[in-house]
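Protein chains: 2
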Amino acid sequence: MHAPLTIRMHAADNVAIVANDGGLAAGTVLADGLTLVDRVPQGHKVALRAISKDAAVLRYNVPIGFAMKDIAAGTWVHERLLHMPAARALHDLPQSTAPAWVDEPLTGYTFEGYRNADGSVGTRNILAITTTVQCVAGVVEFAVKRIKAELLPRFPHVDDVVGLEHSYGCGVAIDAPDAIIPIRTLRNISRNPNFGGEVMVVSLGCEKLQPERLLPPGSIALQSGEALDVVCLQSQSHVGFMSMVDSILASAQKHLERLNARRRETVPASELLVGVQCGGSDAFSGVTANPAVGFCTDLLVRAGATVLFSETTEVRDAVEQMTARATTPAVAQAMAREMAWYDAYLGRGQADRSANTTPGNKAGGLSNIVEKAMGSIIKSGTAPISAVLSPGEKANSKGLIYAATPASDFICGTLQLAAGMNMHVFTTGRGTPYGLAECPVIKVATRTELATRWHDLMDLNAGRIAEGKATIAEVGWELFHLLLAVASGEKKTWAEHWKLHNALVLFNPAPIT
Amino acid sequence: MHAPLTIRMHAADNVAIVANDGGLAAGTVLADGLTLVDRVPQGHKVALRAISKDAAVLRYNVPIGFAMKDIAAGTWVHERLLHMPAARALHDLPQSTAPAWVDEPLTGYTFEGYRNADGSVGTRNILAITTTVQCVAGVVEFAVKRIKAELLPRFPHVDDVVGLEHSYGCGVAIDAPDAIIPIRTLRNISRNPNFGGEVMVVSLGCEKLQPERLLPPGSIALQSGEALDVVCLQSQSHVGFMSMVDSILASAQKHLERLNARRRETVPASELLVGVQCGGSDAFSGVTANPAVGFCTDLLVRAGATVLFSETTEVRDAVEQMTARATTPAVAQAMAREMAWYDAYLGRGQADRSANTTPGNKAGGLSNIVEKAMGSIIKSGTAPISAVLSPGEKANSKGLIYAATPASDFICGTLQLAAGMNMHVFTTGRGTPYGLAECPVIKVATRTELATRWHDLMDLNAGRIAEGKATIAEVGWELFHLLLAVASGEKKTWAEHWKLHNALVLFNPAPIT
Numbered sequence: 058m059h060a061p062l063t064i065r066m067h068a069a070d071n072v073a074i075v076a077n078d079g080g081l082a083a084g085t086v087l088a089d090g091l092t093l094v095d096r097v098p099q100g101h102k103v104a105l106r107a108i109s110k111d112a113a114v115l116r117y118n119v120p121i122g123f124a125m126k127d128i129a130a131g132t133w134v135h136e137r138l139l140h141m142p143a144a145r146a147l148h149d150l151p152q153s154t155a156p157a158w159v160d161e162p163l164t165g166y167t168f169e170g171y172r173n174a175d176g177s178v179g180t181r182n183i184l185a186i187t188t189t190v191q192c193v194a195g196v197v198e199f200a201v202k203r204i205k206a207e208l209l210p211r212f213p214h215v216d217d218v219v220g221l222e223h224s225y226g227c228g229v230a231i232d233a234p235d236a237i238i239p240i241r242t243l244r245n246i247s248r249n250p251n252f253g254g255e256v257m258v259v260s261l262g263c264e265k266l267q268p269e270r271l272l273p274p275g276s277i278a279l280q281s282g283e284a285l286d287v288v289c290l291q292s293q294s295h296v297g298f299m300s301m302v303d304s305i306l307a308s309a310q311k312h313l314e315r316l317n318a319r320r321r322e323t324v325p326a327s328e329l330l331v332g333v334q335c336g337g338s339d340a341f342s343g344v345t346a347n348p349a350v351g352f353c354t355d356l357l358v359r360a361g362a363t364v365l366f367s368e369t370t371e372v373r374d375a376v377e378q379m380t381a382r383a384t385t386p387a388v389a390q391a392m393a394r395e396m397a398w399y400d401a402y403l404g405r406g407q408a409d410r411s412a413n414t415t416p417g418n419k420a421g422g423l424s425n426i427v428e429k430a431m432g433s434i435i436k437s438g439t440a441p442i443s444a445v446l447s448p449g450e451k452a453n454s455k456g457l458i459y460a461a462t463p464a465s466d467f468i469c470g471t472l473q474l475a476a477g478m479n480m481h482v483f484t485t486g487r488g489t490p491y492g493l494a495e496c497p498v499i500k501v502a503t504r505t506e507l508a509t510r511w512h513d514l515m516d517l518n519a520g521r522i523a524e525g526k527a528t529i530a531e532v533g534w535e536l537f538h539l540l541l542a543v544a545s546g547e548k549k550t551w552a553e554h555w556k557l558h559n560a561l562v563l564f565n566p567a568p569i570t
Numbered sequence: 058m059h060a061p062l063t064i065r066m067h068a069a070d071n072v073a074i075v076a077n078d079g080g081l082a083a084g085t086v087l088a089d090g091l092t093l094v095d096r097v098p099q100g101h102k103v104a105l106r107a108i109s110k111d112a113a114v115l116r117y118n119v120p121i122g123f124a125m126k127d128i129a130a131g132t133w134v135h136e137r138l139l140h141m142p143a144a145r146a147l148h149d150l151p152q153s154t155a156p157a158w159v160d161e162p163l164t165g166y167t168f169e170g171y172r173n174a175d176g177s178v179g180t181r182n183i184l185a186i187t188t189t190v191q192c193v194a195g196v197v198e199f200a201v202k203r204i205k206a207e208l209l210p211r212f213p214h215v216d217d218v219v220g221l222e223h224s225y226g227c228g229v230a231i232d233a234p235d236a237i238i239p240i241r242t243l244r245n246i247s248r249n250p251n252f253g254g255e256v257m258v259v260s261l262g263c264e265k266l267q268p269e270r271l272l273p274p275g276s277i278a279l280q281s282g283e284a285l286d287v288v289c290l291q292s293q294s295h296v297g298f299m300s301m302v303d304s305i306l307a308s309a310q311k312h313l314e315r316l317n318a319r320r321r322e323t324v325p326a327s328e329l330l331v332g333v334q335c336g337g338s339d340a341f342s343g344v345t346a347n348p349a350v351g352f353c354t355d356l357l358v359r360a361g362a363t364v365l366f367s368e369t370t371e372v373r374d375a376v377e378q379m380t381a382r383a384t385t386p387a388v389a390q391a392m393a394r395e396m397a398w399y400d401a402y403l404g405r406g407q408a409d410r411s412a413n414t415t416p417g418n419k420a421g422g423l424s425n426i427v428e429k430a431m432g433s434i435i436k437s438g439t440a441p442i443s444a445v446l447s448p449g450e451k452a453n454s455k456g457l458i459y460a461a462t463p464a465s466d467f468i469c470g471t472l473q474l475a476a477g478m479n480m481h482v483f484t485t486g487r488g489t490p491y492g493l494a495e496c497p498v499i500k501v502a503t504r505t506e507l508a509t510r511w512h513d514l515m516d517l518n519a520g521r522i523a524e525g526k527a528t529i530a531e532v533g534w535e536l537f538h539l540l541l542a543v544a545s546g547e548k549k550t551w552a553e554h555w556k557l558h559n560a561l562v563l564f565n566p567a568p569i570t
């Protein structure tokens, strides 16, 4: 058995987490002489000193809960011993009070990307087929199969063909106030930099989300003299099923020809637009993978790139840190506004932020959403937060951006695609085979055991940090270099290798009809 | 040009719809001598006599609106001339007041079906792979491709393998009151009669919707001595991606062997459980296809079968007819309860029943939801309504059932699958290539022009009714016979032929986290 290993995140903390695979048995003596009273599973917390009833349990120097009874030193501190603190009020938050960030520019890093007409850069060269409504999904799937078999082999510089299928577009209250969210999400996804500015639309004809409502004039740049390219299945010109499929193929061919003429060119690292996310988290997420991602986030921001961090319910309990780090009071106020909107949205459905945590989080040692939030926010590093996006909005500035999204992996990823993400970083402790067809996803494991067992699904092992085999900075730099290599197409992610693709899932807080 | 043809639904109506392809020009003289003042498009209404400002415009002998100004005889009566009536209050509805139905039993009709252990009957013999969460979708898709390529050819009596993928399972407020809807929907879909009682589950491991929450003990019948068959991707036994896929294949093989041993047997028509739905409706929906479906519904009920009609926002304006037709006051009260729930749900999102209608509906001549509702409810025929299902519930009685669902085609279809549907009838006026992998879908066109143009997508042409070439009863009987033939596997639908499959879309009125 390896020597007992515990990790304390801050000198003021009165708990530490057990790092050893399989946990530690009762009676184990830690390096500082403390003897465990209980068996403590891996990732779970041990009391480093006696904690009196009602006293704060501190991790990351933050009260993640209050003791429900006296807790002896060496005790397993699990969620059933903790009262969760109330959510931080949103009316008197600090605004832009954090000390100035020492922003040492990081220069000279580049990758090979596809430069688009609008100035953005793609990391892949993909033909995306925008759909207005689920009704067309079956036909689009049929057509995409034929495009891949009959056309794509003739266009070797095009990476893939993707039907942007979704459940929206009809049978929805499209004039309800919140309908703006799914509509702009779909609009902005069709403008993702990985699609090269080639927009083609398949529409049914009678749906609520008409093509001109999805993509009004001016929302996308068209080649001179061209109209929006729409294949309408109900068009009188379509006689029989295969004529619809043939129309889609004819349209695809035109766009494939243009995409195929493109070549990668050397662009600065500042053209990366990285969405960071965590899913299937455990207590190591906030100790290994997320801090390494945070280190990399700082590198990216120093290199002039854009980083999106998200997951409103997972950062709600870190709102005070976030508003303090806002570059301006207006940015801080925008964060508070997004959180207040989400509080109200959850309240309408008789839920609150505590609904976030999963059985797997708790099995992995995360007692509640406060503890999870402290581990989640670390992905944002230490840079100032310079902008806020509402769900489905597109980023139009560089630096560190809070893109307000639900924490649901697929909805968050879908909204980050809409924000213009050209690279995705996803950390996981419990393990998930997450992937997107629209953008490369680098998956970072929080534990060596997971990285070893899922050797052909995890792209980077941050678990070495817990073992003392690598520092946070070393793994952060590895991720930075891996981002550039994958962005350049020199390396593929495991999700790309296996073609593991999760569906687009829209955030539609408005009613279904 | 063909002779001018208009269709009036009730002797008291002061409007009729134009049946001619391409509509009728201003100046056209109708058979009764009326001269058209305006051009009236196909499916749109013409005033048969002068209608004063504020007077009711009657179709189906129901006020579908009130004139905003004086309307001369021969005028095109479009939605911009009509005030929509307020929604019927739900507190003083008639309860079971309709005259007794002359229920002449219809005997001797049978089909060849797969009898299940629970007494239900499948019309197809499909291996369904239940999933707890979207996280596993990529792996399940990969596995299903291998199962189809490597295993299915060895099991010729199995029709198909379907991964029941969906966007639920995690990142959702799973303890919110309304979460019961998506959870029971997924549970009941896994029990659909077309899956032969063979339930296998693929789970991630850390998700909120754990297998035992999705399928608690007793919810499905297991072979003696067997536990619920769950492949958990995070299980320690899975080393590497392909070991997960192999586990799914091994599990699938066991179920395929049992499914492959089954044979069709002759069963009475009473074993049909038919979900009826309309989508992409036009003014002919309520004139041709839906009345023919309603006639067939009566035949099915007389034969002892089960028919589900749904689409709450589309029958809300016919609630009075429905509660009058309820077999008991309790059934009437259950309908009013479902409508009140939906009114409140729409209101929370600042929408109402008028959000239902689409641009295509209006282009097709349906002025508003009241007119659409009168055409939609006709699918339910004339039989008494004997039960009400809340969204996602499973039918446990025969006869005509109101299964409360949204009108969204995919959500309605998904909920009807959960209710136990083994055959689906879908009428369309504008045209949609709708299909489900889980159940055969018979698509009925409302117009001959559509049936001709989409000759390899529409299974039955009810447009002949408008042309005077067939009666409602004749098309209703054709549909009845077609249901039996498709249920028996003697005929395939066009959606089956092309493998056009829309995704399952869950109704989740609870919040996302």
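Protein sequence lines correspond, in order, to chains A and B.
Residue numbers for the first sequence follow the working numbering, so the first one is 58 and each next one is one higher.
Residue numbers for the second sequence follow the working numbering, so the first one is 58 and each next one is one higher.
Where a beta carbon is used, it is the ideal one built from N, C-alpha and C, also for glycine.
Buried/exposed call for residue i, threshold 16 Cβ in 10 Å
{"i": "residue 421/B", "result": "buried"}
{"i": "residue 68/A", "result": "exposed"}
{"i": "residue 222/A", "result": "buried"}
{"i": "residue 159/A", "result": "exposed"}
{"i": "residue 205/B", "result": "exposed"}
{"i": "residue 396/A", "result": "buried"}
{"i": "residue 126/B", "result": "exposed"}
{"i": "residue 371/B", "result": "buried"}
{"i": "residue 281/B", "result": "exposed"}
{"i": "residue 154/A", "result": "exposed"}
{"i": "residue 110/B", "result": "exposed"}
Any chain B beta carbon closer than 9 Å to residue i
{"i": "residue 296/A", "result": "yes"}
{"i": "residue 228/A", "result": "yes"}
{"i": "residue 459/A", "result": "no"}
{"i": "residue 327/A", "result": "no"}
{"i": "residue 512/A", "result": "yes"}
Cβ shell of residue i (< 7 Å), same chain only, five flanking positions each side left out
{"i": "residue 244/A", "result": "271, 272 and 276"}
{"i": "residue 447/A", "result": "395 and 461"}
{"i": "residue 150/B", "result": "376, 377, 380, 389 and 393"}
{"i": "residue 498/B", "result": "481, 483, 491, 492, 550 and 552"}
Residue i beta carbon near the ligand FAD (any heavy atom closer than 8 Å)
{"i": "residue 250/B", "result": "What this structure holds is no ligand at all, so the ligand FAD is not there to describe."}
Any C-beta of chain A under 9 Å from that of residue i
{"i": "residue 99/B", "result": "no"}
{"i": "residue 467/B", "result": "yes"}
Cross-chain neighbours of residue i in chain B, by beta carbon under 8 Å
{"i": "residue 199/A", "result": "555, 556 and 557"}
{"i": "residue 416/A", "result": "263, 264, 265 and 267"}
{"i": "residue 432/A", "result": "Within 8 Å Cβ-Cβ: nothing; residue 432/A doesn't reach chain B, min ~15 Å."}
{"i": "residue 413/A", "result": "570"}
Close beta carbons around residue i, own chain, < 6 Å, minus the five adjacent residues each side
{"i": "residue 258/B", "result": "187, 268 and 287"}
{"i": "residue 369/B", "result": "399 and 461"}
Partner residues on chain A for residue i, Cβ-Cβ distance less than 8 Å
{"i": "residue 191/B", "result": "466, 467, 559, 560 and 562"}
Residue from the options with nearest C-alpha to residue i
{"i": "residue 487/B", "options": "494/B, 507/B and 566/B", "result": "507/B"}
{"i": "residue 168/A", "options": "295/A, 401/A, 320/A and 239/A", "result": "320/A"}
Chain-ordered neighbours of residue i on chain A, where CB pairs are closer than 7 Å
{"i": "residue 80/B", "result": "Those within 7 Å of residue 80/B in chain A number zero; the least Cβ separation is about 14 Å."}
Contacts of residue i in chain B (Cβ-Cβ under 7 Å)
{"i": "residue 487/A", "result": "262, 263 and 291"}
Residues near residue i in its chain [Cβ-Cβ closer than 8 Å; skip 5 each side]
{"i": "residue 454/B", "result": "363, 443 and 444"}
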